[in-house]
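Top to bottom, those sequences are chains A and B. Residue 1 is where the first sequence starts when you use the UniProt record's numbering, and the numbers rise one by one after that. Residue 1 is where the second sequence starts when you use the UniProt record's numbering, and the numbers rise one by one after that. Even glycine gets a Cβ: it sits at the ideal position worked out from N, Cα and C. As the structure is a prediction and not an experimental result, all values here were calculated from the model. See below for the structure under consideration.
2 protein chains.
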Amino acid sequence: MKSIGRCRAHTNIALIKYWGKRNEELFLPMNSSLSLTLDAFYTDTEVTLDSTLDSDVFFLDNVKQGDKETAKITNFLNLFRNRANIETKACIKSYNHVPTAAGLASSASAFSALAGATNQATGLNLDLKTLSTLARQGSGSATRSIYGGFVEWFMGESDLSESSFAIPVDDATWDIGMIVIAVNTGRKKLSSRVGMKQTIDTSPFYSSWVETATKDIEKIKKAISEKDFITLGEITESNGMKMHATMLGAFPPISYWEPDSVKAIQKVKEIRDMGLPCYVTMDAGPNVKVLCKRSDMIEIENKLLEDFTRDQIIPSSVGEGIKLLSQDEWNY
Amino acid sequence: MKSIGRCRAHTNIALIKYWGKRNEELFLPMNSSLSLTLDAFYTDTEVTLDSTLDSDVFFLDNVKQGDKETAKITNFLNLFRNRANIETKACIKSYNHVPTAAGLASSASAFSALAGATNQATGLNLDLKTLSTLARQGSGSATRSIYGGFVEWFMGESDLSESSFAIPVDDATWDIGMIVIAVNTGRKKLSSRVGMKQTIDTSPFYSSWVETATKDIEKIKKAISEKDFITLGEITESNGMKMHATMLGAFPPISYWEPDSVKAIQKVKEIRDMGLPCYVTMDAGPNVKVLCKRSDMIEIENKLLEDFTRDQIIPSSVGEGIKLLSQDEWNY
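Given below as structure tokens:
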């Protein structure tokens, strides 16, 4: 007996960052965060529950994955199987859609798509809010990729898993876009998980970070509701820098920046000073993301091309939330 | 009637940083700091009190300076003239000794040398502690350049000028050296004064910075007393990064880093990972200073030459405190 689910989820970039868990097992964050879902980067995932299988099998971009990778998927599927009271094993096929050389494959879209596909395959018919809490337990940022546009992930209360989920804030169908500047697409040297832990344990700035991020959430939601792009951008840039500052305060200091990250930051400032509003944000890696108006994207791309190559610059419009894919839409 | 004083003072690099004043007029700092005086960078200054002059005249590297620069010198000399109860004007000649292309001319050596020369010219015969409090009122970091080796600048109490002065901590005649990597020698875009003010006013990390710097002072003095180079280096690197983190937390974010600053930081880490202990520190500019063992300096320079040019790399041994210069020693 086979039961199939297929789902697409887009990645998201946090404008108010998530950096640190208060509960590592449940992926409960230290502060609420807010993101923008991107159209250009997504994961398609098919989950086939198959009673003839002895164990889960996981293919990523047609490559069979090893025990360690598969175990993480198995643990995640168990969250659903336990609810459905089944033990059927599954074959999972995932395809990451990331423009060549971007190297931005994200666990956000991966676990969000997996949640959507598993929900369908198990027939659990869980609502999006519940899917969001489950996606969170695969990867924190996946909590937000359930929805499109601007999304807020509530930190929730104490150790209550069901209290920490995302909600859509605004569909961002106004003049919003993002350009990714791919600085280095290699694997990062320090995982987010380890970097977060070291920051919480040693940075004297950590508690101030949590406080300031909490304030930034309120400010950015106000800017979004007023469609005030300048304030949105200023808060985004400031919050990202404060996250990196908090890491830099760790002992030993943590920095994901590379020389070209600084070059990109300086270039964006230069473009802004010329009158085109655009703002940077960075995550746990050297790549630089530029929040801008969609209507300015081509002009900004042309400016960036003065210092970066064509394949380093990846524009994206705003992405939608998870979407089930029919057999016809499954082009693999 | 003429009365002449001549003095040499070396620059210093803070290992525990000074970033922010609690009293802007008196240059009273928010926290104590600790520095290393460098031999390679110094200022020679001659002060000639001359009753035939109608106003102060100031020459820097043989170039007569304008009203604004001269007014700052006049105000500083008045601190001494008021004590000596004289109004005689002065001719001041200063020479900055900074290896070509380093662009590291510092107000630290400038005001420290000026304090020493003026002390001699006025015949006030002030002690070093008093000279240190006076040098402070020209430029905060000048407080420390009165002495050689490792020097602590006490933050002092409330608004009491005489409570904030430097003392020598250790002559650093053990295995200590510093290499300056000159990344960009142009004028910085944001002055320290303005950068400090903006950081105090807007960075959510500022109060934690003051607390952590205060703890770092105690830790680094212990490392110095135990001649524990590794701990000395680790605290130095961590403290400098925390200062830059505090700035990055300002609104809008402040960063003095350039792409090559990151290249230098990464290179130093690479050299350290190869087994040569060396640690970076940075001030309000893009240049990178490398604290290392004097006995490792040539080997570290050779590694740095893989990525930087010869004239970007300036080694220095430890410098001494201010020193009066006789007419014979005045080779200008």
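Enumerate in chain order the residues of its own chain whose CB-to-CB distance from residue i is below 6 Å, with the five nearest sequence positions on each side excluded.
i	result
residue 177 of chain A	292, 294, 297, 317
residue 134 of chain A	79, 115
residue 49 of chain A	3, 88, 90, 121
residue 100 of chain B	Confidence is the limiting factor: at residue 100 of chain B the pLDDT is only 49, short of 50, which leaves the residue's position unreliable, though a coordinate-based value still follows. The answer is none, since no qualifying residue turns up.
residue 125 of chain B	none
residue 23 of chain A	159
residue 62 of chain A	none
residue 188 of chain A	285
residue 53 of chain A	89
residue 97 of chain A	42
residue 60 of chain A	94
Give me whichever residues DSSP pairs with residue i in a beta bridge.
i	result
residue 315 of chain B	B:179
residue 288 of chain B	B:181, B:282
residue 150 of chain B	B:36, B:170
residue 333 of chain B	There is simply no residue 333 of chain B to check, as chain B begins at 1 and stops at 332 in what is shown.
residue 52 of chain B	Beta-bridge pairing links residue 52 of chain B to no other residue.
residue 265 of chain B	For residue 265 of chain B, which the question treats as bridged, DSSP gives no partner whatsoever.
residue 362 of chain B	Because chain B spans 1 through 332 in this model, residue 362 of chain B falls outside it and cannot be assessed.
residue 92 of chain A	A:47, A:58
residue 23 of chain A	A:28
residue 350 of chain B	Only positions 1 to 332 of chain B appear in this structure, which leaves residue 350 of chain B out of reach.
residue 16 of chain A	A:34
residue 324 of chain B	B:7
Measure how close the beta-carbons of residue i and residue j come, nearest whole angstrom, since I'm counting them as under 8 Å.
i	j	result
residue 47 of chain B	residue 117 of chain B	4 Å
residue 212 of chain B	residue 240 of chain B	Wrong, their Cβ atoms sit about 12 Å apart, outside the cutoff.
residue 326 of chain B	residue 288 of chain B	No, residue 326 of chain B and residue 288 of chain B are not in contact; Cβ-Cβ is about 37 Å, not under 8 Å.
residue 14 of chain A	residue 106 of chain A	Going by Cβ atoms, the distance from residue 14 of chain A to residue 106 of chain A rounds to 11 Å, so no, they are not a contact pair.
residue 303 of chain A	residue 271 of chain A	5 Å
residue 208 of chain A	residue 208 of chain B	6 Å
Taking the CB atoms as reference points, tell me whether residue i and residue j lie closer together than 9 Å.
i	j	result
residue 195 of chain B	residue 250 of chain B	yes
residue 183 of chain A	residue 312 of chain A	yes
residue 199 of chain A	residue 31 of chain A	no
residue 175 of chain A	residue 225 of chain A	no
residue 236 of chain B	residue 254 of chain B	no
residue 305 of chain A	residue 256 of chain A	no
residue 269 of chain A	residue 259 of chain B	no
residue 44 of chain B	residue 95 of chain B	yes
residue 108 of chain A	residue 11 of chain A	yes
residue 322 of chain A	residue 145 of chain A	yes
residue 210 of chain A	residue 20 of chain A	yes
residue 150 of chain B	residue 51 of chain B	no
residue 148 of chain A	residue 319 of chain A	yes
residue 223 of chain B	residue 37 of chain B	no
residue 162 of chain B	residue 130 of chain B	yes
residue 7 of chain B	residue 119 of chain B	yes
residue 17 of chain A	residue 283 of chain A	yes
residue 155 of chain A	residue 252 of chain A	no
In chain order, what residues of the same chain have a beta carbon less than 7 Å from the beta carbon of residue i, not counting five sequence neighbours either side?
i	result
residue 143 of chain B	132, 135, 136, 153, 165, 166
residue 58 of chain A	65, 69, 70, 73, 92
residue 9 of chain B	42, 43, 109, 112, 113, 116, 145, 322
residue 205 of chain A	245, 246, 249
residue 301 of chain A	179, 313, 315
residue 181 of chain B	264, 287, 288, 290, 304, 308, 312, 313
residue 1 of chain B	51
residue 299 of chain A	276
Closer than 8 Å by C-beta to residue i: which residues in its own chain qualify, once you throw out the five before and the five after it? Chain order, please.
i	result
residue 277 of chain B	229, 230, 233, 292, 293, 296
residue 238 of chain A	216
residue 75 of chain A	none
residue 86 of chain B	49, 122
Does residue i have its Cβ less than 9 Å from a Cβ in chain C?
i	result
residue 246 of chain A	The structure shown contains no chain C; its protein chains are A and B.
Original post:
For the stretch 196 to 216 of chain B, which residues have a beta carbon sitting closer than 7 Å to at least one beta carbon of chain A?
Top reply: Those residues of the stretch 196 to 216 of chain B placed with their C-beta closer than 7 Å to a C-beta in chain A are 204, 205, 208, 211, 212, ordered along the chain.
Subject >> Positions along the stretch 253 to 268 of chain A whose CB lies within less than 8 Å of some CB in chain B >> reply: Taking 8 Å as the Cβ-Cβ cut-off against chain B, the residues of the stretch 253 to 268 of chain A that qualify are 253, 255, 257, 258, 259, 260, 261, 262, 263, 265, 266.
Original post:
Using a Cβ cut-off of 7 Å, which residues of the stretch 13 to 31 of chain A contact any Cβ in chain B, in chain order?
Top reply: Per Cβ criterion, the list is empty.
Subject >> Where the stretch 213 to 243 of chain A meets chain B: residues whose CB sits under 8 Å from a CB there >> reply: The residues in question are 234, 237, 238, 241, 242.
Subject >> Residues within the stretch 70 to 99 of chain B neighbouring chain A, beta-carbon criterion of under 8 Å >> reply: Answer set for the stretch 70 to 99 of chain B: empty.
Subject >> Interface positions of the stretch 30 to 60 of chain B facing chain A (Cβ-Cβ less than 8 Å), listed along the chain >> reply: Hits within the stretch: zero.
**OP:** Check distances from the C-beta atoms of the stretch 303 to 318 of chain B to those of chain A and list, in chain order, the residues that come in under 7 Å.
**Re:** Residues passing the 7 Å Cβ filter: none.
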